[in-house]
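The structure appears right after this line, and notes come after that.
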Amino acid sequence: MKRIRKYWPPIMILIIFETVAVTLWLTKNNLFYLFNFSYIGLSISLGMFLFIRKYKHARRIVQLLVGLYMLVYLGLICNENMQIEGFWYYFFTGVFEAATIHYAVAKIFGPLIFGRGWCGYACWTAMVLDFLPYKVPEQPRKKIGWIRYITFTLSLAFVAALFLAKVGKMESIMFWAFIIGNAVYYIVGIALAFAFRDNRAFCKYICPITVFLKPMSYFSLIRIQCKTDLCVHCGKCRRVCPMDVDVTDNSRKRENGTDCILCMECVKSCPKNAL
Ligand code: SF4
Ligand code: SF4
Ligand code: SF4
48 MKRIRKYWPP IMILIIFETV AVTLWLTKNN LFYLFNFSYI GLSISLGMFL
98 FIRKYKHARR IVQLLVGLYM LVYLGLICNE NMQIEGFWYY FFTGVFEAAT
148 IHYAVAKIFG PLIFGRGWCG YACWTAMVLD FLPYKVPEQP RKKIGWIRYI
198 TFTLSLAFVA ALFLAKVGKM ESIMFWAFII GNAVYYIVGI ALAFAFRDNR
248 AFCKYICPIT VFLKPMSYFS LIRIQCKTDL CVHCGKCRRV CPMDVDVTDN
298 SRKRENGTDC ILCMECVKSC PKNAL
């Protein structure tokens, strides 16, 4: 029984995703939602299962399964703009479809449960950035996080301007915005990673989606907790953290707490099993 109990988290995640899949399938009368959320739920559950089995590339497998599916299948083949511009587009048209559902589940309300799990396990931008050599930042954090508000505003202004100008062929524009937007993200993300010697520099300073993700994940149900009675203050957890989180502080206001991507590197590295 004890052996089965440790697999409860992946089973629970699968049940949650299947509930969303079936609910959306039936309410929207669209089989796509059943396939989409079942696939994502299965991928995440598989990753959690592999992590429990101590397979060291578990997170990377989920990143590739979900990230490639979203980028190649939903983005390039199905022509869905899943970036923030796509969210604004559907938001302005008043349609609760594709990007709006994706944002609601992964980036706005979902983080109340699983925090920045999206950033650790599903984002197709980070899927590439995590292959770069600076898995742990080699320089102190810069105070330029305000740039995210500029990129956020620009994305909103871009789509609002298209609507105000009553531009035609919006579907085609949004598709090309997705292609060009992704290319820009990859170029800027890779350049910043090398400039700041930090794979996740783009996530820390530029990504507009963090304007949603950070405040919502502040209240996250799932978070890494420190058993302070076991901790010997060796500092190893902080040294391996890609996001500079002070995970030994259990308060919600802990340093860079809303940047935790639940990658579990700190948990794996703690010599006292305190996390
Ligand atoms: S911060 Fe942005 S780019 Fe980085 S993982 Fe999250 S959504 Fe992706
Ligand atoms: S690695 Fe473990 S023991 Fe060391 S500071 Fe972090 S929580 Fe404490
Ligand atoms: S190493 Fe730990 S604290 Fe840092 S992002 Fe990963 S899970 Fe969060």
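In my numbering, the protein residues as written are 48 to 322. Heads up, the beta-carbon is just placed ideally off N, CA and C, and yes, glycines get one too.
Check, Outcome
"Check whether the Cβ atoms of Lys274 and Ala321 sit closer than 7 Å, and answer yes or no.", "yes"
"Is Gly157 buried or exposed, if buried means 16 or more other CB atoms sit within 10 Å of its CB?", "buried"
"Using the C-alpha atoms, what's the distance from Thr295 back to Leu209?", "47 Å"
"Measuring straight from C-alpha to C-alpha, what distance separates Phe84 and Glu65?", "7 Å"
"Check whether the stretch 156 to 174 touches the stretch 214 to 226, counting contact only when three or more Cβ pairs, one atom from each stretch, lie closer than 8 Å.", "no"
"Kindly indicate which three-state DSSP category Phe249 falls into: helix, strand or coil?", "helix"
"So, for Val67: in the same chain, excluding its five sequence neighbours on each side, which residues have a beta-carbon less than 6 Å away from its beta-carbon?", "Phe84"
"So Arg247 and Pro289 are supposed to be a Cβ contact under 8 Å. How far apart are they, rounded?", "5 Å"
"Within the continuous alpha helix (DSSP H) that includes Tyr233, where are the two ends?", "217 to 243"
"Are the Cβ atoms of Pro255 and Arg195 separated by less than 7 Å?", "yes"
"Would you please state the rounded distance, in angstroms, between the beta carbons of Tyr86 and Tyr116? I believe it to be under 8 Å.", "7 Å"
"Give a yes or no on whether the C-beta atoms belonging to Val206 and Tyr136 are separated by under 7 Å.", "yes"
"According to DSSP, is Ala212 helix, strand or coil?", "coil"
"Buried or exposed: which applies to Ile197, given that a residue is buried once 16 or more other Cβ atoms fall within 10 Å of its Cβ?", "exposed"
"Do Ala146 and Gly133 have their CB atoms nearer than 7 Å?", "yes"
"DSSP three-state call for Gly141: helix, strand or coil?", "coil"
"Counting beta carbon pairs with one atom in the stretch 117 to 132 and one in the stretch 95 to 108, are three or more of them shorter than 8 Å?", "no"
"Please report the distance separating the alpha-carbon of Pro318 from that of Cys307.", "20 Å"
"Out of curiosity, what's the CA-to-CA distance linking Phe139 and Ala212?", "14 Å"
"So what does DSSP say about Ile108, is it helix, strand or coil?", "helix"
"Measure the beta-carbon distance from Thr305 to Lys261 and round it to whole angstroms, keeping in mind my assumption that it falls under 8 Å.", "4 Å"
"In terms of alpha-carbon separation, which member of Val279, Ala230, Pro184, Val287 lies closest to Phe241?", "Pro184"
"Whose C-beta lies closer than 7 Å to the C-beta of Ser90 among residues of the same chain, with five residues either side of it excluded?", "Val109, Leu112, Val113"
"On the premise that Asn303 lies in contact with Val292, defined as a C-beta separation below 8 Å, what is that separation, rounded to the nearest angstrom?", "5 Å"
"Given 6 Å as the limit, tell me if Ile99 has its C-beta closer than that to any heavy atom belonging to ligand 3.", "no"
"Under the criterion of a Cβ to heavy atom distance below 6 Å, does Val69 qualify as lining ligand 2?", "no"
"Can you tell me whether Ile131 is buried or exposed? The criterion is at least 16 other CB atoms within 10 Å of its CB, across all chains shown.", "buried"
"I'd like to check one pair, Val287 with Ser316: are the Cβ atoms closer than 7 Å?", "yes"
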